[in-house]
Amino acid sequence: AKVKIGFVNSITGPEAPIGENLTNGVTLALEDLKKKGIDVELVKEDDTGKPEKSMAAFEKMATRDRVAGIVGPYSSKCANAIAKLAEKYKTPLLIPVASKEEITRQNLKWTFRLSATTYDYATILLDMATSLGRPKTIAIINENTDFGTSGAKSAKDYAGKKGIRVVAEEAYAPGSPDYRSTLTKIKSKKPDLVFMVSYVADAILLMRQSREIGITPQAFLGAGAGFATVSFAKEKAISSNVFSSTQWTGDVNWPGAKEFNKRYITKFGKEPTYHAATAYESMMIMAETAAKAGGNREKIRSELKSGKWNGIMGEVKFADYEGYTNQNKHQMLVEQIQNGVHQTVYPPKYVSKKPVYPFPGWK
Amino acid sequence: MLTIDKLNFSYGDLKVLWDINLEVHEGEIVTVVGANGAGKSTTLKNISRLVKPTSGSITFQGEDIEKLESHQVVERGIVQVPEGRKIFPEMTVLENLRMGSYIKSARKAREANVERVFGMFPRLKEREKQLGGTMSGGEQQMLAIARGLMANPKLLLMDEPSLGLSPLFVKIIFEIIQEINRQGVTILLVEQNVFQSLKIAHRAYVLETGRVVLTGEGNDLLSNEHVKKAFLGM
Amino acid sequence: MTIFLQSLISGILIGGVYALIGIGLTIIFGVMRVINFAHGDLLMVGMYGTFYLFTLFNIDPFISIVITMPLMFLYGGFLQKVFINRILGSLPQNQILLTIGMGLIMSNGIMLAFTSDYKILSTDYSSSSFDILGISISTPLLISFAITAGITAVLYWFLLKTDTGQAIRATAQDREAAQLMGINVKRMSIIAFGLGASLAGTAGALISPTYYIFPQVGSTFTLKAFVITVLGGMGSIVGATLGGILIGVAESIGGVYFGSGWKEVVVFVLFLLVLLFKPSGLMGKSNT
Amino acid sequence: MKPLLKNTTGIGALPAIAGLLVVVLLFLFPRFVENTYALHIMILIFISIVMGSSWNLLGGYTGQYSVGHSAYFGMGAYTTMMLMQFRQVPPWLGIWCGMVAALVVALIIGSICFRLRGPYFVLASIAVAEIFRVSALNLKNVTNGAEGILTTEIPPLKIGGTLITDFSSKVPFYYAGLVFVLLVILVTWLLQNSKLGYYFQAIREDQDAAHSLGISLTFYKNVALSLSAVLTSLAGSLYAVYVGFIDPSTVLALDLSVQIVLICIIGGIGTIFGPVIGALVLVPLSEALRSNMIGESLINSGIVKADSAFGSFLTENLSHAHVLIYGVLVVVVILFMPDGVLGFAKALAARKRKEAV
Amino acid sequence: MAILEIKHVSKFFGGLSANSDVSFEIQHGMIMGLIGPNGAGKTTLFNCITGYYPPSKGDVVFDGRSMHGLQPDKVCKLGMARTWQKVRPLANMSVVDNVMVGALCRTGSLKNARDMAMEQLKVVGLEHRSGFLAGGLPIGERKKLEVARVLATQPKLLLLDEVMGGLNPAESEDIIQLILAIKGLGITQMVIEHDMKTIMRISDRIVVLNSGEKLAEGSPQEIVSNPDVVAAYLGSE
Ligand SMILES: Nc1ncnc2c1ncn2[C@@H]1O[C@H](COP(=O)(O)OP(=O)(O)OP(=O)(O)O)[C@@H](O)[C@H]1O
Ligand SMILES: Nc1ncnc2c1ncn2[C@@H]1O[C@H](COP(=O)(O)OP(=O)(O)OP(=O)(O)O)[C@@H](O)[C@H]1O
Ligand SMILES: CC(C)C[C@H](N)C(=O)O
Ligand SMILES: [Mg+2]
Ligand SMILES: [Mg+2]
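Going down the list, the protein sequences come from chains A, B, C, D and E. With the first letter of the first sequence counted as 1, position 349 gets the number 349 in my numbering; the numbers rise by one all the way through. With the first letter of the second sequence counted as 1, position 9 gets the number 9 in my numbering; the numbers rise by one all the way through. With the first letter of the third sequence counted as 1, position 38 gets the number 38 in my numbering; the numbers rise by one all the way through. With the first letter of the fourth sequence counted as 1, position 95 gets the number 95 in my numbering; the numbers rise by one all the way through. With the first letter of the fifth sequence counted as 1, position 80 gets the number 80 in my numbering; the numbers rise by one all the way through.
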């Protein structure tokens, strides 16, 4: 069968580094779909990370290209802008990884989300920490972006519920070469947990400088993004024993996850991030559903709504709960870097290695 | 020494020089007079190659300067003291002078030349460290002339050197011009001070709306009826 | 107290690298009156150069500046000759846009060539540091600070004491007059832009071991470079040095006492305050 | 220097009629065009024209090259959105508040930046705009910080009980944009033919000379900035309500300020229609590049096979290269059309005319 | 009554005193010549009078009103206009537009301003250039434009800084006639000029500055025969 699917992503612009993972995930999905006899005609659009551009892309795909359904966009701000368009054009939209809660809290019938929400990034980490030790205080460092601020907010919120006191809150502008003074300040507060939300590169800087300054909490907790990347893990001197929440790991025992990991490495010469996996799975779900529904958008929507999948992202189901509409209740994972490798350490059901807790100190 | 042959030039669509022919012999003071906008400064700019002629040729000591860039013209020994002074405003007086002797051939004599021009213009010595841009109009004019002399020119182009100078200084300037000419520097002088400049000039050209209309010896032109009427207001 | 001293010291050290970026920009502005919006992108190119010299040939970043510096000089000279020279006489806003366009070309060209992945250059000293009185001092930053100081001193001497240096300044102040002095102004512009680019590239090389590299990394630094140059007084090397260190310290201390999120505000407010009281910057000469 | 005779007396009859015709056609446009994608692009063009023309008043006529206009754009966007989202004030009232807010900000910025001249002014304007961006990021309680503001619903516009529009389609935004465009063009035209316009240009040409001719620099620069800021805020408000989501990195970014300047300069600075041309060139161009229409049409027309090496290069790589190409085009325009597209066209026309004579 | 009173004006640049304790008065309708060697402080005095520099000491009283703290635009509005030693045309505007900018100081209507401007252009003899861009004019015409532009502001007192510099005697004659015509209109003028013949012809009184100080003041005849002036400025024949 032949289907036409749209894919909006940040191919250029400041979000491009992560956007690339999504592109790669989709590329693999297309290969697999072909094997399954589904010939996807992909309409790929760049939103350059700007909402009005993602709108233009959506308009074009929905009206001019007449795609059956759309996967993307990468960032929450773009997803925010186009979720309503999906409703207007009655075009199914499946969001792979943008995690802002509000997106699926607007009672939109045509917008589906595979990704967990920002809130989940924080809670799983604190759940783990409290199950392994007795942390009393927490310092929160986050980058001053959408994902960063909402992540920090969730952490603060959930820490309150867990009886952990917040002793420091620092929101920094990404891209600064020097966090030493901030870290010195945090060190003086002697927190049990250091919770960080940072994109790729700042994660490395923060940990390097934490080591210089000599911060030693019970655990370093990284909420996704930067801490879950391979380049971070490779920096053994600073990445050892850091925890990170993630939507997916290369060694999780969800069907096909390990194979996906391997194929990705052979094809692109680097390890996939969870963004790649979510994009892959979203494209698989969208294309298969669309093929089954013969490209009929209304039918795709109801199929998405009622369907159930079990693939590299584990079980997927778009449900309505707690104010959410069409939101997959995705199981978050926690991984820890041990010897330069991400190991799934929480929840117990998916564990591949035992967690090291508390932090044993710097080498 | 310098030969201008059938020089034509326009600023965009506006033609300002028409078939200019002009010659300067070694050791002469040649002056060019003409009403405002006649094209005197433009002629000098063509010689210094700040602008490129539409047609015609300029040769200096037998060399066609067509292929040269401005700075190479200076290296050949043609130095201009431009209209409007063009001092380097954020450099001190001394630094301005040093820049005057930027070309290789002039660097050796730099210190001596600084002393020489300080001798001519004591005000400059007093203000050695003042920024060029804050000097008064006349002071800047002195600096511009002094800076031109720093390069040991063979041919000195001077565009209205007496502009803005007090009477006392105008006199001094004309004396200086004659003095350096005696020292062997050839001079092409553009002046509004027609009387003075014709008096010291060996030969002169009269420019009107971009054309050479008269040429002759300085003193002859002084008594020329047309010159008297048009430029001397007599 | 430790916190204050720590932020002061790390501010100064980072400020050294900022200074280098600022000096490059100030030279370009000084001579060509061009506000170079591609300055950060030049820095980025320098970073990529350093990165590949390190990963492919195993040349230490601090040593590789011997290669990056001249290469970036040539690159800058090339840009000047081919692009900027054509618009020197035109309106200032055109120059701004030309450099913006050049920046776009550089960052997106690099992205096509090397993907938009973050690259991290890890040396064995990348996170090494030593302690003095409880204040940790990063070794690589200290080294780069020393190198910066050296380069600055040499440059200062060059611009103020040599004929070429003075000719560069003269060109900046009046191109036509400079031509009349026998100065080859085109060459001076090429030297100036080359120097600027080479300093930006060197700054890129110096922060590579402690920072990260991706195609859009330049924009942060472009903005910083602007602030530094204006703060110090456009065209002034001493000013840019001072400005760089001041910004480094302001960021660092501002971050601690006002919260990390506000540190940029602290910097910009400082910037505006200086301009209000000294409109031509700390070291600027006013001639209006 | 070109000794050009400048025509400042009114407009000829022919262009006036042509202009009117264009306006009428633009008003009828949504009736004929079903394609909402085209409408979307038109709206973006309108917003760009408003931004560019507003900047033109300050940059083009008064010679103050602000590269911080995102501050006013953001001010409009934020005020309107915050009022709508947090205070239930409908946007057609919010827009006015946005204008007032932009005015206030302009007066503050003006009092700081106008002490500076030339490049110092340029950079100070950037700095001030950055202060606004970072503040919006940090003042979470007011602006919702980096998370931005998402509108859920726009209240329907009713006049005396009759529903004018419920904003469910693009058409109301289209008309709002069109009206704003006509407004800025009108303002520019009025300005060019008034004392104010002369004073602005005098300041652009030589501040000291202007000052000595009885022109208060502070006053008139601030007037120019205020006008410019207020009109820019219109673009911001429209953008915010139309897109339905704003955050500091979209409506207060340096990127945006640069975009504003770009529109003006590509079109032609200091002329009424320069920014219009600029927007008409830039917006469709960047959209065509972004969505890879060139590669697509090459493939669709059969000139290049989709599965050939060149075809896959077009579909794969070109989509990554569009910003690069955009950059190249910007450079080319600046190098070869220093007076913008409009200036270039005029020069070309003048040459043609001369040849014909 | 004096239209302008300069009272003990001093202006220091760092250690340098460009004007020191200069005092004199200008009476209605006269032409005051201001001369002095280069760097004597003439332009600086103009700048102090018209509000470009606040005087370091002293005050300027125009028409009975202290100019203290007034910006140049206010000064112009009050009826005191100056030209620049280094001319400042509004280069990308046409000649008539340049003059209109001046005229707009007194009227809000473009039409009136245009009429007034054309009138002034006729006065200085530039009407044939009215449509040209001012940036393309040669120096002499720029100077005339400068005068036309300030005349258009309808000043009571006109300060002319070397408007004849760079003009040949024949052209200067035009300007001299212009200045005399302006005097005929009842406009008071203060004129800086280096050409003694001219200054002698047009001035009713002359003030001589030297090294920032007032060296002498008097009628043209008094001035040329003043030995101090001869020594400092004219040089003996
Ligand atoms: N940059 C320019 N652009 C356009 N036209 C110019 C330019 N410079 C000069 N002109 C024109 O060229 C003509 C000749 O000007 P030029 O400056 O050579 O005259 P000049 O004889 O030196 O006059 P003056 O005695 O006033 O200095 C004038 O008509 C002037 O308007
Ligand atoms: N901004 C300044 N900084 C320092 N010195 C200055 C400044 N402006 C003027 N001067 C000095 O003050 C003195 C008076 O300058 P002014 O321009 O008033 O002279 P002037 O009488 O107009 O001379 P000229 O006839 O040469 O135009 C000069 O020596 C000049 O160098
Ligand atoms: C960190 C990422 C997974 C992206 C993030 N969810 C966002 O909304 O921008
Ligand atoms: Mg001339
Ligand atoms: Mg003077």
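Ideal placement from N, C-alpha and C gives every residue a C-beta, glycine not left out.
**OP:** From the DSSP output, in three-state form, read off A/K156 for me.
**Re:** helix
Subject >> chain D contacts from the segment 259 to 271 of chain C (Cβ-Cβ distance under 8 Å) >> reply: G259, G261, W262, E264, V265, F268, V269, F271
Subject >> Three CB pairs or more closer than 8 Å across the segment 25 to 33 of chain E and the segment 192 to 209 of chain E >> reply: yes
Original post:
What do you reckon, is the C-beta of B/Y11 under 6 Å from a heavy atom of ligand 1?
Top reply: yes
**OP:** Quick one: grab the DSSP three-state call for A/L108.
**Re:** coil
Original post:
Does the pairing of the segment 175 to 191 of chain B with the segment 36 to 45 of chain B give three or more beta-carbon distances under 8 Å?
Top reply: yes
Original post:
What's the gap between the Cα of D/V328 and the Cα of D/P284?
Top reply: 16 Å
**OP:** Count the CB pairs spanning the segment 290 to 301 of chain D and the segment 53 to 60 of chain A that are closer than 8 Å, and state whether there are at least three.
**Re:** yes
**OP:** Indicate whether the contact test is met: 3 or more Cβ pairs, each with one atom in the segment 5 to 22 of chain E and one in the segment 56 to 68 of chain E, closer than 8 Å.
**Re:** yes
Original post:
In terms of residues, what are the limits of the beta strand (DSSP E) holding B/K15?
Top reply: 14 to 24
Subject >> Closest by C-alpha distance to D/L103, when choosing among D/S233, D/L137, D/Y174 >> reply: D/S233
**OP:** Determine, using beta carbons only, whether B/Q183 comes closer than 7 Å to chain E.
**Re:** no
Subject >> C-beta contact flag for D/D247 and D/G148 at 7 Å >> reply: yes
Original post:
In this structure, does DSSP put C/N36 in helix, strand or coil?
Top reply: coil
Original post:
Between the segment 196 to 207 of chain D and the segment 83 to 93 of chain E, do at least 3 Cβ pairs fall closer than 8 Å?
Top reply: yes
Subject >> Coarse secondary structure for B/Y102, derived from DSSP in three states >> reply: coil
Original post:
Given that a residue counts as buried once 16 or more other Cβ atoms are within 10 Å of its Cβ, and exposed if not, what is A/N107?
Top reply: exposed
Original post:
Taking the Cβ atom as the reference point for each residue, do A/G19 and A/A276 lie within a distance shorter than 7 Å?
Top reply: no
**OP:** Would you mind working out which of C/I100, C/A203, C/T164 sits nearest C/I14, comparing C-alpha positions?
**Re:** C/A203
Original post:
By a C-beta neighbour count over all protein chains shown, 10 Å radius and 16 as the cutoff for buried, is B/T134 buried or exposed?
Top reply: buried
**OP:** Return the residue from the list A/A293, A/N328, A/G311, A/Q247 that minimises the CA-CA distance to A/Y346.
**Re:** A/Q247
Original post:
On the premise that E/A181 lies in contact with E/A152, defined as a C-beta separation below 8 Å, what is that separation, rounded to the nearest angstrom?
Top reply: No, E/A152 and E/A181 are not in contact; Cβ-Cβ is about 15 Å, not under 8 Å.
Original post:
At a cut of 8 Å, does the segment 309 to 328 of chain A reach the segment 247 to 258 of chain A through at least three beta carbon pairs?
Top reply: yes
Subject >> Rounded straight-line distance, which links the Cα of D/G19 to that of C/A113 >> reply: 47 Å
Original post:
Are the beta-carbon atoms of A/T344 and A/T278 separated by less than 7 Å?
Top reply: no
Subject >> Heavy atom of ligand 4 within 6 Å of E/K143 beta-carbon >> reply: no
Subject >> One or two residues paired with E/V61 in a DSSP bridge >> reply: E/E5, E/S66
**OP:** Confirm the yes/no value for this check: CB of D/I109, any heavy atom of ligand 1, distance under 6 Å.
**Re:** no
**OP:** Just the chain C side, please: which residues come within less than 7 Å of A/E170 by C-beta, in chain order?
**Re:** G259, S260
Original post:
Roughly how far, in whole angstroms, is the beta-carbon of D/G343 from the beta-carbon of D/G52, given that I think they are within contact range, below 8 Å?
Top reply: In fact, because the Cβ distance is near 15 Å, the residues do not count as touching under 8 Å.
Subject >> Own chain partners of A/Y74 with C-beta closer than 7 Å, once the 5 adjacent residues on each side are dropped >> reply: N9, S10, E15, I18, G19, L22, V97, A98
Original post:
Beta carbon of D/F173, beta carbon of D/Y65: below 7 Å?
Top reply: no
Original post:
Which residues mark the beginning and the end of the beta strand (DSSP E) in which A/N326 is found?
Top reply: 324 to 328
Subject >> Neighbourhood of ligand 2 [Cβ distance below 5 Å to any heavy atom], ordered by chain position >> reply: B/T134, B/M135, B/S136, B/G137, B/G138, E/F13, E/A18, E/N38, E/G39, E/A40, E/G41, E/K42, E/T43, E/T44
Original post:
Where in the segment 48 to 132 of chain C do unbroken runs of the beta strand (DSSP E), each at least 3 residues long, occur, reported from the N-terminal end onward?
Top reply: 129 to 132
Original post:
Can we count E/Q85 as close to ligand 5, meaning its CB is less than 6 Å from some heavy atom?
Top reply: yes
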